[in-house]
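Number of protein chains: 2
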Amino acid sequence: MLYWAPNGAHACRCTKRQGGGEMNMTTQDRHETEKLLTPAEVAALFRVDPKTVTRWAKAGKLTSIRTLGGHRRYRESEVRDLLGGGH
Amino acid sequence: MLYWAPNGAHACRCTKRQGGGEMNMTTQDRHETEKLLTPAEVAALFRVDPKTVTRWAKAGKLTSIRTLGGHRRYRESEVRDLLGGGH
DNA sequence: ATAGATTTGGGTAATTCGGGCG
DNA sequence: AATGTCCGAATTACCCAAATCT
Chain A
1 MLYWAPNGAH ACRCTKRQGG GEMNMTTQDR HETEKLLTPA EVAALFRVDP
51 KTVTRWAKAG KLTSIRTLGG HRRYRESEVR DLLGGGH
Chain B
1 MLYWAPNGAH ACRCTKRQGG GEMNMTTQDR HETEKLLTPA EVAALFRVDP
51 KTVTRWAKAG KLTSIRTLGG HRRYRESEVR DLLGGGH
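This is the structure in structure tokens:
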């Protein structure tokens, strides 16, 4: 009578990124191991209306991933680049 | 001692699928070697609530495999296709 | 067999979508 | 051209207790 748990909870995170470092990912963001942000979160970071974030996505200024229901999700790394990359 | 990996090999190979080239699999993967994801894992990838993933499965938007106890498991390949394929 | 985490099921708020207007 | 707001409809998030998984 012992635990039989050959497999854990699948905490597979593949290549965990180090904080702050700017890792050059593949040209196209093919890695789905990216943290995603909701429209409200991105809007709060930029201090704009969520609708404005949606317009940025529609204009191609921001990469958007869609849920199966049509809601948009945004890549955290891209947002942080745009926020901190004030050039 | 019997080692059986119910949820897949958990090797986290992170194979880099190079530009657009998709494997020539038949329509569906008939082997049981397909890695399955738990609702929480799929939810984390899409940045949604696990219950939302359940709704997608009920609506037929996502293929679900049921455990003998009724819990759902999802095909990793399908999830990845939906994440990156639907630009 | 016990424990802790996860999932399921329903129900009800909170977001988001899309279009159009100012 | 770029934002913010109003509207209805759709999607998603959080609440609970019971069942299932590791």
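The listed protein sequences correspond, in order, to chains A and B. For the record, in the first sequence the residue sitting at position 86 is 86 according to UniProt numbering, with numbers rising by one throughout. For the record, in the second sequence the residue sitting at position 73 is 73 according to UniProt numbering, with numbers rising by one throughout. Where a beta carbon is used, it is the ideal one built from N, C-alpha and C, also for glycine.
Quick one: list the residues of chain A neighbouring Lys51/B, beta-carbon separation under 8 Å, in chain order. In chain order: nothing, as chain A lies at least about 12 Å away.
Taking the beta carbon of Arg75/B as the centre, do at least 16 other beta carbons fall within 10 Å, making it buried, or is it exposed? buried
Cα separation between Leu67/B and Arg73/B? It should be pointed out that residue 67/B corresponds to Thr in this sequence rather than to Leu. Spanning the two alpha carbons is a distance of roughly 7 Å.
Quick one: which chain B residues come within Cβ less than 7 Å of Arg80/A? By Cβ distance, chain B contributes nothing, its closest Cβ being about 15 Å from Arg80/A, past 7 Å.
Cβ closer than 7 Å: which chain A residues qualify as neighbours of Leu62/B? Leu68
Beta-bridge pairing of Leu62/A - partner residues as DSSP gives them: In DSSP, Leu62/A forms no bridge with anything.
Segment contact flag, the stretch 57-67 of chain B with the stretch 40-54 of chain A, C-beta cutoff 8 Å, min 3 pairs: no
Which residues DSSP lists as bridging Arg75/A, in chain order: Leu36/A
Using a C-beta cutoff of 8 Å, does Arg47/B count as contacting chain A? yes
With DSSP run on the structure shown, which of helix, strand or coil describes Thr27/A? Only weak support exists for where Thr27/A lies, its pLDDT of 36 falling under 50; the coordinates are left without a value.
Which whole-angstrom value describes the C-beta separation of Thr38/A and Arg47/B, a residue pair presumed to lie in contact below a C-beta threshold of 8 Å? 7 Å
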